[in-house]
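A.B. asks: In the working numbering, the protein residues as written are 3 to 310.
Please read through the structure below; I'll follow up with questions.
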């Protein structure tokens with residue numbers, strides 16, 4: 003795949019989401035557990051089939067760092083049930099202001115779940131082979147279980163009994179985003195860092211500018227390539243890739259992990275990211291209060307890292 007086609011879902015902070023009035027409500031039939039099947043794409047994204055306004059079928063990426071439903075421009079052109087009512091100004095990590103059309107009142111069905119009054123924004127890019135994305139806000143006050151081995155997301159009212167088989171780790175929940183601490187071996191030293199759990203990012207690890215500068219990653223880790231990233235609005239940034247000897251998440255240690263960092267633009271990348279190439283190696287349970295995450299290494303844990 004050419005560098006110009008390396009699309010990464012936008013690393014958005016809350017201020018970067020379309021500022022649409024949140025009047026949506028869940029209208030699913032009551033159930034103890036909702037099952038949402040997904041396909042893990044070659045780009046480490048979870049692609050979920052959804053139905054919009056009971057008419058149009060789309061494939062949406064489950065994006066753990068997003069708090070809005072969005073669709074890409076090439077998809078909205080073919081949809082009959084979606085009607086835009088105006089534009090909003092949003093910002094992405096790759097550039098300044100971008101204009102996004104929005105639609106305020108839609109019905110969305112994903113698996114066994116349904117929501118009405120769903121606002122939908124429009125942007126240029128999503129994960130490969132998907133029409134857009136949705137985030138954890140649809141599952142407010144519910145437990146989210148992601149089983150990468152079975153390809154299913156479970157949405158539950160309470161923690162399942164099998165959490166005793168998982169390692170329980172503290173989360174930081176800030177502006178609808180989930181952060182997890184991990185340890186990084188850089189040179190002869192080990193550094194702790196907080197990572198945004200970002201299933202929309204196809205790669206393994208992307209370091210924030212401050213951490214990369216303070217740990218002198220460019221000098222202490224072997225650089226293996228330079229690539230381009232595009233955000234959801236088409237802005238391009240160049241990232242360097244290096245190999246991290248050890249990444250430790252709780253008691254789980256991953257070896258020879260590919261990591262990215264931006265060269266130059268200090269202060270632009272404000273948060274480190276843990277992407278799909280790491281997340282897929284664990285079965286994951288996120289509690290309803292977003293205080294703890296439960297991790298268990300799965301059969302993908304030893305899989306070769308994706309070269310994207």
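For every residue, glycine included, the Cβ atom is placed at its ideal position computed from N, Cα and C.
Bear in mind the structure is a predicted one, so any value in this text is a computation, not a measurement.
Going by the CB atoms, is the gap between residue 242 and residue 277 shorter than 9 Å?
C.D. replies: Numbered from its first residue, the chain shown carries residue 277 at position 275. Numbered from its first residue, the chain shown carries residue 242 at position 240. No, Cβ-Cβ distance for residue 277 and residue 242 is not below 9 Å.
A.B. asks: Tell me, please, which residues DSSP counts as bridged to residue 146.
C.D. replies: Residue mapping note: residue 146 aligns to position 144 of the chain shown, counting from 1. Answer by DSSP bridge pairing, in chain order: 157 and 288.
A.B. asks: Since residue 138 and residue 29 should fall inside the 8 Å C-beta cutoff, what is the C-beta to C-beta distance between them, to a whole number of angstroms?
C.D. replies: Walking along the chain shown from the start, residue 138 turns up at place 136. Walking along the chain shown from the start, residue 29 turns up at place 27. That pair is no contact at about 19 Å.
A.B. asks: Which complete beta strand (DSSP E) runs does the segment 195-243 hold, if anything under 3 residues is left out?
C.D. replies: 225-232
A.B. asks: Under 8 Å Cβ to Cβ from residue 84, same chain only, skipping five residues before and after it: list those, please.
C.D. replies: In the chain shown, residue 84 corresponds to position 82, counting from 1. So the list reads 54, 55, 58, 73, 78, 105, 108 and 122, once near-sequence residues are dropped.
A.B. asks: Go ahead and label residue 151 buried or exposed: buried means 16 or more other beta carbons lie within 10 angstroms of its beta carbon, across all protein chains shown.
C.D. replies: Within the chain shown, the letter at position 149 stands for residue 151. Residue 151 is exposed by the Cβ-count criterion.
A.B. asks: For residue 310, which of helix, strand or coil comes out of DSSP?
C.D. replies: Here the question's residue 310 lines up with position 308 in the chain shown. DSSP places residue 310 in coil when its eight states are reduced to three.
A.B. asks: For the putative contact between residue 87 and residue 126, defined by C-beta atoms under 8 Å, what is the C-beta separation to the nearest angstrom?
C.D. replies: Translated into the one-based positions of the chain shown, residue 87 becomes position 85. Translated into the one-based positions of the chain shown, residue 126 becomes position 124. The Cβ separation is near 20 Å, so there is no contact.
A.B. asks: So, residue 52 versus residue 60, is the Cβ gap smaller than 9 Å?
C.D. replies: In the chain shown, the residue the question calls residue 52 occupies position 50. In the chain shown, the residue the question calls residue 60 occupies position 58. Yes; because the gap between Cβ atoms is below 9 Å, this pair is in contact.
A.B. asks: Helix, strand or coil: which one does DSSP assign to residue 254?
C.D. replies: Position 252 of the chain shown, counting from 1, holds the residue named residue 254. Residue 254 falls in the strand class under three-state DSSP.
A.B. asks: Pick helix, strand or coil for residue 178, following the three-state DSSP scheme.
C.D. replies: Walking along the chain shown from the start, residue 178 turns up at place 176. Coil at residue 178, not helix or strand.
A.B. asks: Bridge partners of residue 74, per DSSP?
C.D. replies: One-based indexing of the chain shown puts residue 74 at position 72. BP columns for residue 74 point to 125.
A.B. asks: How would you label residue 80, buried or exposed, when you count the other beta carbons within 10 angstroms and need 16 or more for buried?
C.D. replies: Against the chain shown, residue 80 aligns to sequence position 78. Its Cβ having fewer than 16 others within 10 Å, residue 80 is exposed.
A.B. asks: Which value, in whole angstroms, describes the spacing of the CA atoms of residue 251 and residue 282?
C.D. replies: In the chain shown, the residue the question calls residue 251 occupies position 249. In the chain shown, the residue the question calls residue 282 occupies position 280. So the two alpha carbons sit approximately 14 Å from each other.
A.B. asks: Taking all protein chains shown into account, do 16 or more other C-beta atoms lie within 10 angstroms of the C-beta of residue 146, making it buried, or fewer, making it exposed?
C.D. replies: Residue mapping note: residue 146 aligns to position 144 of the chain shown, counting from 1. Counting Cβ neighbours within 10 Å, residue 146 comes out buried, since at least 16 surround it.
A.B. asks: Where do the ends of the beta strand (DSSP E) carrying residue 140 lie?
C.D. replies: Taking the first residue of the chain shown as 1, we reach residue 140 at position 138. Where residue 140 is concerned, there is no enclosing beta strand (DSSP E), given that its DSSP letter is neither H nor E.
A.B. asks: Alpha carbon to alpha carbon, what distance is there between residue 291 and residue 334?
C.D. replies: The displayed coordinates of the chain run from 3 to 310. Any statement about residue 334 would go beyond what the structure contains.
A.B. asks: List the endpoints of the continuous beta strand (DSSP E) containing residue 54.
C.D. replies: To locate residue 54, count along the chain shown from 1; it is residue 52. Going by DSSP, residue 54 is part of the beta strand (DSSP E) stretching over 48-54.
A.B. asks: Can you list, in chain order, the residues of its chain with a C-beta nearer than 6 Å to that of residue 193? Leave out the 5 residues immediately preceding and following it.
C.D. replies: Your numbering for residue 193 matches position 191 in the chain shown. Same-chain partners within the cutoff: 186 and 217.
A.B. asks: Is DSSP giving residue 171 helix, strand or coil here?
C.D. replies: Locating residue 171 in the chain shown gives position 169, where the first residue counts as 1. Residue 171: strand per DSSP, three-state reduction.
A.B. asks: Check each candidate in 273, 205 and 164 and name the one with the smallest Cα separation from residue 215.
C.D. replies: Counting from 1 along the chain shown, the entry for residue 215 is found at position 213. Among 273, 205 and 164, the Cα nearest to that of residue 215 is on 273.
A.B. asks: Can you give me the Cβ contacts of residue 227 inside the same chain, cut-off strictly under 6 Å, excluding the 5 residues immediately before and after it?
C.D. replies: Within the chain shown, the letter at position 225 stands for residue 227. Around residue 227, the same chain offers 243 as residues with beta carbons nearer than 6 Å, after the five sequence neighbours per side are excluded.
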